[in-house]
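Residue numbers (the working numbering): 743 to 925.
Reading through the structure tokens given below for one structure.
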Amino acid sequence: MTNGKLNIGIILGSTRQGRVSPHVGEWVKGIADKRGDANYEIVDIDDFKLPFFGTTDGTEPGIVAWSEKVASLDGFVFIVQEYNHSITGALKNALDIATREAWNNKAAGIVSYGGAGGARAAEHLRGIFGELQIAGVKGHPTLSLFTDFENFSTFKPGDVHLDTVNLMLDQVNAWSGALKSLR
Ligand SMILES: Cc1cc2nc3c(=O)[nH]c(=O)nc-3n(C[C@H](O)[C@H](O)[C@H](O)COP(=O)(O)O)c2cc1C
Numbered sequence: 743m744t745n746g747k748l749n750i751g752i753i754l755g756s757t758r759q760g761r762v763s764p765h766v767g768e769w770v771k772g773i774a775d776k777r778g779d780a781n782y783e784i785v786d787i788d789d790f791k792l793p794f795f796g797t798t799d800g801t802e803p804g805i806v807a808w809s810e811k812v813a814s815l816d817g818f819v820f821i822v823q824e825y826n827h828s829i830t831g832a833l834k835n836a837l838d839i840a841t842r843e844a845w846n847n848k849a850a851g852i853v854s855y856g857g858a859g860g861a862r863a864a865e866h867l868r869g870i871f872g873e874l875q876i877a878g879v880k881g882h883p884t885l886s887l888f889t890d891f892e893n894f895s896t897f898k899p900g901d902v903h904l905d906t907v908n909l910m911l912d913q914v915n916a917w918s919g920a921l922k923s924l925r
């Protein structure tokens, strides 16, 4: 968008059938939109039907569109679910396959979930941020499969997370704005 505000993508990290990530992403977007401080949009990796990195010649429309989408964003909020103590293969592939420069010198926050709040997956993602020159902010809501989901599947987030979501968004916006001068 060209209304002078930053463009922040809320990236859904899982593509699993029956995934809960869209519900988590919409919840974050609802909180974010009330702030009115940036253009927030849900970015669903699944829409791009990305092949596994390196298995094609890289010219598929989905790969090109994915790189263009990432390039169009000033900052990111990653919706991160814990799979075997790490991020999903789908998210790792999406990080690997976009043009590297599309990620560089941008800020990102993480909203994670899992049995331990998705903290182990989030820490793996922070390591990847370093290589992609993404500045990861400190604010980090960690949602528990035990208390923020009914039967580990129906998303019912506690209000206790609202302050942390807003803190994370404050930090993503501040750093996304500052890092524009480097690009
Ligand atoms: C293959 C697989 C591995 C998982 N491994 C973990 C894990 O190591 N730690 C954890 O807390 N939850 C783990 N989970 C539970 C997921 O975090 C939970 O199912 C979550 O809802 C997945 O996100 P999604 O529904 O958006 O795909 C795993 C789930 C799957 C399908």
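We put the beta carbon where it would ideally sit given N, CA and C, even for glycine.
The structure presented is a predicted model; accordingly, all values stated were derived computationally and were not measured.
{"Query": "Where L754 falls, given that 16 or more other Cβ within 10 Å makes a residue buried", "Result": "buried"}
{"Query": "Residue interval of the alpha helix (DSSP H) (run including S895)", "Result": "Unbroken run through S895: none, as it is neither H nor E."}
{"Query": "Cα-Cα separation between T841 and G856, rounded to whole angstroms", "Result": "29 Å"}
{"Query": "E824 Cβ short of 8 Å to ligand 1 heavy atom set", "Result": "yes"}
{"Query": "Residue closest to I773, alpha-carbon to alpha-carbon, out of N846, L887, T801 and T906", "Result": "T906"}
{"Query": "The region 844 to 863 touching the region 779 to 788, judged by at least three CB pairs closer than 8 Å", "Result": "no"}
{"Query": "Candidates Q875, L904 and L885, of which the one nearest S918 by Cα", "Result": "Q875"}
{"Query": "For G817, three-class secondary structure by DSSP", "Result": "strand"}
{"Query": "Paired residues, beta bridge with L748 - DSSP", "Result": "A780"}
{"Query": "Short Cβ contact (9 Å threshold) for V902 with V766", "Result": "no"}
{"Query": "Stretch pair the region 818 to 825 + the region 756 to 771: three plus CB contacts closer than 8 Å", "Result": "yes"}
{"Query": "For E783 and T744, the rounded distance between their alpha carbons", "Result": "14 Å"}
{"Query": "In DSSP terms, what T884 is bridged to", "Result": "S854"}
{"Query": "Cβ pair I829, F795 closer than 9 Å", "Result": "no"}
{"Query": "heavy atom of ligand 1 below 8 Å from V762 C-beta", "Result": "yes"}
{"Query": "Nearest-angstrom Cα separation, counted from L837 out to R862", "Result": "18 Å"}
{"Query": "CA-to-CA distance, A920 to N749, given in whole angstroms", "Result": "13 Å"}
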